[in-house]
Every structure is written in structure tokens, then in C-alpha cells.
Amino acid sequence: MAMQWRGHGGPVGRPSPAINENPFDDVLEQVDRAAQVLGLKPAEVELLKHPKRQVIVSLPVQMDNGTIQIFTGYRVLHDNTRGPGKGGLRYHPDVDLDEVKALAAWMSWKCALVDVAFGGAKGGVTCDPTTMSQGELERLTRRYAAELFDELGPTRDIPAPDVGTNAQTMAWMMDTYSMKMGYVEPGVVTGKPIVLGGSLGREEATGRGIVVTTREALRDLKIPFEGVRIAIQGFGNVGSNAARLLATAGAKIVAVSDVRGGIYRADGFDVASLLLYRSEHGSIQGFPGSQPLTNDELLALECDVLIPAALEGQLHEGNVDAIRAKLVVEGANGPTTAEADEILRQRGIPVVPDIMANAGGVVVSYFEWVQDRYGYFWPAAEVNARLEEKMVSAYAALRAAIDRHDLVNDLRTAAYTVAMQRILEARRLRGLYA
Ligand code: NAD
Numbered sequence: 037m038a039m040q041w042r043g044h045g046g047p048v049g050r051p052s053p054a055i056n057e058n059p060f061d062d063v064l065e066q067v068d069r070a071a072q073v074l075g076l077k078p079a080e081v082e083l084l085k086h087p088k089r090q091v092i093v094s095l096p097v098q099m100d101n102g103t104i105q106i107f108t109g110y111r112v113l114h115d116n117t118r119g120p121g122k123g124g125l126r127y128h129p130d131v132d133l134d135e136v137k138a139l140a141a142w143m144s145w146k147c148a149l150v151d152v153a154f155g156g157a158k159g160g161v162t163c164d165p166t167t168m169s170q171g172e173l174e175r176l177t178r179r180y181a182a183e184l185f186d187e188l189g190p191t192r193d194i195p196a197p198d199v200g201t202n203a204q205t206m207a208w209m210m211d212t213y214s215m216k217m218g219y220v221e222p223g224v225v226t227g228k229p230i231v232l233g234g235s236l237g238r239e240e241a242t243g244r245g246i247v248v249t250t251r252e253a254l255r256d257l258k259i260p261f262e263g264v265r266i267a268i269q270g271f272g273n274v275g276s277n278a279a280r281l282l283a284t285a286g287a288k289i290v291a292v293s294d295v296r297g298g299i300y301r302a303d304g305f306d307v308a309s310l311l312l313y314r315s316e317h318g319s320i321q322g323f324p325g326s327q328p329l330t331n332d333e334l335l336a337l338e339c340d341v342l343i344p345a346a347l348e349g350q351l352h353e354g355n356v357d358a359i360r361a362k363l364v365v366e367g368a369n370g371p372t373t374a375e376a377d378e379i380l381r382q383r384g385i386p387v388v389p390d391i392m393a394n395a396g397g398v399v400v401s402y403f404e405w406v407q408d409r410y411g412y413f414w415p416a417a418e419v420n421a422r423l424e425e426k427m428v429s430a431y432a433a434l435r436a437a438i439d440r441h442d443l444v445n446d447l448r449t450a451a452y453t454v455a456m457q458r459i460l461e462a463r464r465l466r467g468l469y470a
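Note that this note's numbering has the sequence shown beginning at 37, numbered continuously upward.
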């Protein structure tokens with residue numbers, strides 16, 4: 037009997053225009069752009085274009101109907117110059133090596149930008165978790181952890197939840213790793229349930245970081261935060277937590293969507309009631325007082341801030357001209373293709389890049405790992421205060437890079453220059469081994 041997947045956001049999917057995009061090509065373009073600004077020679081950045089390790093595993097899983105299905109799993113360690121690899125584990129039908137490589141590289145930049153002692157990694161399994169039972173997901177996860185046992189570990193590479201996975205997935209990963217080690221090792225994954233060594237504040241950390249970066253960016257644009265009109269694509273962990281915390285901070289969430297479509301309310305949603313409605317009805321559709329709208333209509337909405345918080349490749353050449361927001365804050369990883377990014381730059385619409393905007397998750401993952409290694413846990417207020425401090429100082433480094441390199445509104449290139457410089461500096465100091 038197939039149970040309903042109880043991830044954050046229900047079924048996952050992506051519109052057709054993004055399917056032909058190779059997100060790793062976007063990574064290469066972004067690296068070249070930042071290298072040019074920094075005046076680096078191509079040879080100096082070449083290594084950053086090549087992940088340190090790419091592993092592909094076949095995962096036989098006994099399905100509930102008695103058959104054995106073979107899934108393909110990936111783990112890419114992009115860079116570990118500044119610390120062990122860090123990055124999520126994604127369960128989605130479109131997962132492939134190029135996507136995982138891109139996501140791993142983005143983790144390297146993100147960890148360097150927020151200055152935590154991690155490198156970048158990512159993993160994934162090509163599967164549709166929405167059609168699998170909890171038992172099938174558990175067996176898949178345990179086999180993934182077992183096959184990648186040699187690659188993972190608190191000093192090697194530390195997974196966390198991503199699209200299609202959640203705290204329960206991390207609990208299975210941690211248990212499998214701990215059973216093989218012969219002792220409990222909570223630091224092998226982050227985003228765990230609190231009782232297993234998870235950190236208070238981790239679940240909502242990415243959303244909380246989005247609030248900080250949106251506030252900082254609006255300040256630069258001289259747009260008051262109070263009453264600012266925000267549209268959010270994707271209502272999973274990132275989108276829904278960002279919506280709730282932004283509304284609490286005084287913003288008006290005028291539109292939200294998930295893979296089935298969106299809803300609009302000119303006066304802004306009562307996000308707490310919307311979350312309650314979704315938990316009772318399994319969907320945001322039909323929320324009282326809302327008008328339905330498509331995902332394309334949401335992206336083209338006239339508003340102050342657009343937050344794409346679903347998947348990569350959502351803002352592309354085909355729809356970017358329709359965007360009317362004054363600011364884009366990237367909640368998802370890689371939601372803007374390189375072509376769309378260039379068009380937004382030309383149109384003067386600033387984009388707070390993913391590696392800055394959604395870095396709150398990895399910051400609190402870092403705190404979780406630190407707490408696990410100490411065996412001593414912090415109160416939520418301390419986690420949140422330290423998160424705020426990290427995000428504000430990363431944003432300040434980005435502002436400084438804009439001034440230093442004369443980059444008008446190009447927050448992405450600024451973020452890349454800061455991150456790449458930190459990694460390259462660490463590389464130079466370590467030197468080339470053997
Ligand atoms: P999730 O699975 O909890 O939610 C994804 C949401 O997007 C769901 O509401 C889903 O219905 C919706 N969606 C999927 N395809 C869509 C489409 N085509 N149009 C509109 N909505 C669509 O995932 P999440 O953890 O919220 O992650 C979302 C993004 O944020 C991913 O890019 C992920 O890599 C990134 N991210 C997540 C975290 C984290 O802490 N969870 C941290 C940093 C970055």
C-alpha cells in the first residue's frame with residue numbers, strides 16, 4: 037500500500053522550459069564572470085570548475101509489491117578546502133549528475149560566503165518520493181547511506197534535507213551510519229529531529245535568513261519593509277517559513293504557489309491561517325478570500341519582492357521579461373538561469389542570489405554540527421541571534437565587494453567574488469599536495 041509522502045511541500049515538479057537547462061553550465065558562467073571581475077587568470081579558477089569527487093551508486097530497493105527496483109544515487113563533493121563537504125540530499129525524478137554537480141558547487145560558494153568551516157557537496161536520488169511508501173523511502177535511504185558510507189562522515193561530508201527529503205530521512209541516514217560505526221554519530225547529518233541531536237531553529241532557518249537578506253536589500257533600495265508586497269513561488273520548507281516570518285516582520289504576502297498552482301490576495305494573507313488550511317486540506321488551493329493564479333502569473337505579478345523558492349531554472353529567457361517585481365530574492369537554489377540573470381541585470385532589477393539569500397539553512401546546519409560535536413545544545417534564541425549575525429555580516433561583505441569592484445546592483449557577482457576569493461586564498465595557503 038503506497039502511503040502519501042509527508043515532505044514539506046507535497047508533490048514536486050518543474051515546468052517544461054527548465055528541463056533543457058544544464059545548471060552546471062550556469063555555474064561555469066558565474067565563475068567566469070566573477071573571475072573576470074577579480075582579474076584572475078583562467079588557470080587560477082580552473083580547479084573550481086572541477087568537482088573534487090563524483091560518486092554514482094546503484095541502489096537496489098525492495099518495493100512493497102515484492103519487486104526489486106534499482107535507483108541511481110549521486111554524491112558530489114565539489115570542494116573541501118575549508119572543511120568537510122556540506123550539502124543536501126534531494127529525492128526528485130529529475131535528479132542527474134549535472135544538477136548535483138551544480139548544487140554542490142553552489143554549496144561551496146555559500147559556505148565560504150557565510151564563512152562557516154565547510155566545503156560544498158550535494159547528493160540526490162532519481163526517484164519520485166510522492167509515489168513511494170515510508171517503508172520504501174526508508175529502505176532507499178538506508179541503502180544510499182550504506183553505499184556511500186566511505187564518503188560520508190562528520191569530518192568528510194555531511195548531508196542535510198533538500199527537496200523531497202526531511203528530518204525523518206536524516207534520522208534514517210544517521211541510524212545507518214551509526215550502526216555501521218558501532219556508536220552514535222549525530223554529526224554525520226544535519227536537519228535531524230531535535231531528539232536525535234538536531235538544532236532548535238534549523239527547520240525555519242532558511243526562511244529566517246531570507247527575512248534578513250530581504251530586509252537588508254530593501255534598505256539598500258530605500259523601500260520601507262513595513263507593508264512591502266511579496267510574491268513567493270514554492271510553499272515548501274523554504275517558501276512557507278519565509279512567508280510566515282516575513283509576514284510576522286510586517287510584510288504583505290500577496291501570492292504564494294506550489295506545484296499545483298498559486299493563490300493571490302491583494303491585501304495579503306494571514307499566513308498562520310493559510311498554513312492551518314493547508315495542513316487540513318493538503319493544499320493551498322481554495323483558501324477562503326483568495327483568487328487562483330498560475331505559477332506564470334505569480335512570477336509576472338506587480339509586487340515589490342519576488343521570491344522563487346521552488347526549484348532551479350524557474351526564471352528563464354521565456355518568462356523573465358514579464359517580471360515586474362522591484363527585487364528578486366532567490367529562496368531556491370539556482371532559480372534564475374544565466375540568460376535570465378543577464379536580462380534582469382540589464383533591466384536594473386536587483387537579484388539577491390541564492391548563495392546569500394537561502395544561506396540561513398546551512399548556517400544553522402553548521403551550528404547543529406558544532407552542537408553535535410560538543411554534545412551541548414543552545415537555546416533557540418541563541419541560534420537565531422547567531423544566525424542573524426552571520427547573515428548580516430555576509431551581506432555586509434557583499435556590499436563591500438560591490439563598492440570595491442564597482443558592481444552596480446550585481447549582488448550575484450559580488451557574492452561570487454567574496455566566496456571565490458576566500459576559497460582561493462585557503463587553497464593558496466594550503467598549497468598543492470603531492
Ligand atoms: P520542499 O520540497 O519543501 O518544497 C518545494 C516547494 O516547491 C513545494 O511547495 C512544491 O510544491 C513547490 N514546487 C515544485 N515545483 C514547482 C513549480 N514548478 N512551481 C511552483 N512550485 C513548485 O523543498 P524546500 O526545502 O523548500 O527547497 C526549495 C528550494 O530551496 C530548493 O531549490 C532547495 O534546494 C532550496 N533550499 C532549501 C533549503 C532548506 O533548508 N530546505 C536551504 C537552502 C536552499
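Ideal Cβ placement from N, Cα and C applies to all residues, glycine included.
Item to check | For residue 448, the residue or residues it bridges with in DSSP | outcome: Sequence index remark: in the sequence shown, residue 448 carries index 412 (1-based). In DSSP, residue 448 forms no bridge with anything.
Item to check | Option in 426, 63, 291 with minimal Cα separation from residue 248 | outcome: Taking the first residue of the sequence shown as position 1, residue 248 is located at position 212. Among 426, 63, 291, the Cα nearest to that of residue 248 is on 426.
Checklist entry - Where do the ends of the beta strand (DSSP E) carrying residue 193 lie? => result Here residue 193 corresponds to residue number 157 of the sequence shown, with the count starting at 1. Taken as a continuous stretch (DSSP letters only), the beta strand (DSSP E) holding residue 193 covers 193-197.
Next on the checklist: Using C-beta distances below 6 Å, list every residue in its chain close to residue 108, excluding the 5 sequence neighbours before and after it, in chain order.
Outcome noted: As a working note, residue 108 is residue 72 in the sequence shown. Answer for residue 108: 162, listed in chain order.
Checklist entry - Does the distance from the CB of residue 173 to the CB of residue 205 come in under 9 Å? => result By 1-based counting over the sequence shown, the position of residue 173 is 137. By 1-based counting over the sequence shown, the position of residue 205 is 169. Taking 9 Å as the Cβ cut-off, residue 173 and residue 205 qualify as a contacting pair.
Checklist entry - Helix, strand or coil for residue 293 per DSSP? => result Counting from one through the sequence shown, the residue named residue 293 turns up at place 257. Looking at residue 293 - three-state DSSP - the assignment turns out to be strand.
Checklist entry - CB-CB under 6 Å to residue 81, same chain, minus the five flanking residues each way: which ones, in chain order? => result Taking the sequence shown and counting its residues from 1, one reaches residue 81 at position 45. Once the five neighbours on either side are set aside, the close Cβ partners of residue 81 are 67, 71.
Checklist entry - Using a threshold of 8 Å, is the CB atom of residue 348 nearer than that to any non-hydrogen atom of the ligand NAD? => result Reading the sequence shown from its first residue, position 312 is the one you call residue 348. It does: the Cβ of residue 348 is within 8 Å (strictly closer) of some heavy atom of the ligand NAD.
Checklist entry - So what's residue 371 in DSSP terms, helix, strand or just coil? => result Within the sequence shown, numbered from 1, the residue matching residue 371 stands at position 335. In this structure, residue 371 counts as coil in the three-state DSSP scheme.
Next on the checklist: So within the region 259-328, which uninterrupted beta strand (DSSP E) runs reach at least 3 residues, ignoring any that extend past its ends?
Outcome noted: Fully enclosed beta strand (DSSP E) runs of 3 or longer: 265-269, 288-294, 297-300.
Checklist entry - Over what stretch of residues does the alpha helix (DSSP H) that includes residue 146 continue unbroken? => result Counted from its first residue, the sequence shown places residue 146 at position 110. Counting along the chain, the alpha helix (DSSP H) containing residue 146 begins and ends at 133-149.
Next on the checklist: Which runs of the beta strand (DSSP E) at least 3 residues long sit entirely within the region 151-180? Give them in chain order.
Outcome noted: 155-162
Item to check | Segments of 4+ residues assigned as alpha helix (DSSP H) that fall wholly inside the region 387-432 | outcome: Given a length threshold of 4 residues, each whole run of the alpha helix (DSSP H) inside the region 387-432 is given here in chain order: 390-393, 396-410.
Checklist entry - Counting along the chain, where does the alpha helix (DSSP H) carrying residue 385 start and finish? => result Along the sequence shown, one-based indexing puts residue 385 at 349. From DSSP, residue 385 is part of no alpha helix (DSSP H); its letter is neither H nor E.
Next on the checklist: Along the chain, where does the alpha helix (DSSP H) containing residue 185 start, and where does it finish?
Outcome noted: Here residue 185 refers to the residue found at position 149 when the sequence shown is read from its first residue. According to the DSSP assignment, residue 185 belongs to no alpha helix (DSSP H), since it is labelled neither H nor E.
Next on the checklist: Any heavy atom of the ligand NAD inside 8 Å of the beta-carbon of residue 294?
Outcome noted: What you label residue 294 is simply residue 258 of the sequence shown in a count that begins at 1. Yes; taking the cut-off as 8 Å, the Cβ of residue 294 has a heavy atom of the ligand NAD nearer than that.
Next on the checklist: Between the alpha carbons of residue 51 and residue 272, how many angstroms are there, rounded?
Outcome noted: Taking the sequence shown and counting its residues from 1, the one referred to as residue 51 is at position 15. Taking the sequence shown and counting its residues from 1, the one referred to as residue 272 is at position 236. Residue placement at residue 51 is flagged as unreliable, the pLDDT there being 36, under the threshold of 50; the coordinate-derived value follows with that caveat. So the two alpha carbons sit approximately 17 Å from each other.
Item to check | Nearest to residue 456 (by Cα), restricted to the options 351, 147, 294 | outcome: Position 420 of the sequence shown, counting from 1, holds the residue named residue 456. Comparing Cα positions, the closest option is 147.
Item to check | Buried/exposed call for residue 382, threshold 16 Cβ in 10 Å | outcome: The residue given as residue 382 occupies position 346 in the sequence shown. The residue is exposed, with fewer than 16 neighbouring Cβ atoms inside 10 Å.
Next on the checklist: Taking the alpha carbon of residue 122 as the reference point, which residue from 469, 131, 191, 231 has its own alpha carbon closest?
Outcome noted: The sequence position of residue 122 within the sequence shown is 86, counting from 1. When each option's Cα is compared against that of residue 122, the closest is 191.
Checklist entry - Closer than 8 Å: is that where the CB of residue 273 sits relative to any heavy atom of the ligand NAD? => result On the sequence shown, residue 273 is found 237 positions in, with the first residue counted as 1. Indeed, a heavy atom of the ligand NAD lies less than 8 Å from the Cβ.
Item to check | Member of 92, 65, 439, 144 whose CA lies at the smallest distance from the CA of residue 133 | outcome: Along the sequence shown, read from residue 1 onward, the residue named residue 133 stands at position 97. Comparing Cα positions, the closest option is 92.
Next on the checklist: Quick check on this structure: which residue in 460, 466, 468, 467 has the alpha carbon closest to the alpha carbon of residue 144?
Outcome noted: By 1-based counting over the sequence shown, the position of residue 144 is 108. The residue with the shortest Cα to Cα distance from residue 144 is 460.
Checklist entry - Which whole-angstrom value describes the C-beta separation of residue 358 and residue 270, a residue pair presumed to lie in contact below a C-beta threshold of 8 Å? => result As a working mapping, residue 358 is identified with position 322 in the sequence shown. As a working mapping, residue 270 is identified with position 234 in the sequence shown. About 18 Å; that fails the 8 Å criterion.
Next on the checklist: Given 8 Å as the limit, tell me if residue 131 has its C-beta closer than that to any heavy atom belonging to the ligand NAD.
Outcome noted: Position 95 of the sequence shown, counted from the start, is the residue given in the question as residue 131. In this structure, residue 131 has its beta carbon at no less than 8 Å from each heavy atom of the ligand NAD.
Next on the checklist: Going by DSSP in three states, residue 42 sits in which element: helix, strand or coil?
Outcome noted: As a working note, residue 42 is residue 6 in the sequence shown. Residue placement at residue 42 is poorly supported in this model, since its pLDDT is 27, which falls under 50; the coordinates are not used for a value here.
Checklist entry - From residue 334 to residue 268, what distance separates their C-alpha atoms? => result Translated into positions along the sequence shown, residue 334 becomes position 298. Translated into positions along the sequence shown, residue 268 becomes position 232. Residue 334 and residue 268: Cα-Cα distance of roughly 8 Å.
Next on the checklist: Using the three-state DSSP reduction, which class does residue 124 fall into: helix, strand or coil?
Outcome noted: The residue labelled residue 124 in the question sits at position 88 within the sequence shown. It is a strand residue.
Item to check | Closer than 8 Å: residue 242 CB and nearest the ligand NAD heavy atom | outcome: Along the sequence shown, read from residue 1 onward, the residue named residue 242 stands at position 206. Residue 242 Cβ: within cutoff of the ligand NAD.
Next on the checklist: Could you check if residue 157 belongs to the surroundings of the ligand NAD, using beta carbon to heavy atom distance under 8 Å?
Outcome noted: The residue labelled residue 157 in the question sits at position 121 within the sequence shown. Not so, every heavy atom of the ligand NAD lies at least 8 Å from the Cβ.
Checklist entry - residue 467 by DSSP, collapsed to three states: which one? => result Taking the sequence shown and counting its residues from 1, the one referred to as residue 467 is at position 431. In the three-state scheme derived from DSSP, where H, G and I count as helix and E and B as strand, residue 467 is classed as coil.
Checklist entry - Thinking C-alpha only, which one of 445, 405, 467, 465 is nearest residue 232? => result For this step, residue 232 is matched to residue 196 along the sequence shown. Nearest C-alpha to residue 232: 405.
Checklist entry - Would DSSP call residue 86 helix, strand or coil? => result Mapped onto the sequence shown, residue 86 falls at position 50. In the three-state DSSP reduction, residue 86 falls in the coil class, being neither helix nor strand.
Item to check | the region 313-322 contacting the region 242-260, beta-carbon criterion three pairs below 8 Å | outcome: no
Checklist entry - Thinking just about the alpha-carbon of each residue, which of 128, 409, 198, 102 is nearest to the one in residue 275? => result Here residue 275 is taken as the residue at index 239 of the sequence shown, counted from 1. Out of 128, 409, 198, 102, 198 has the C-alpha closest to the C-alpha of residue 275.
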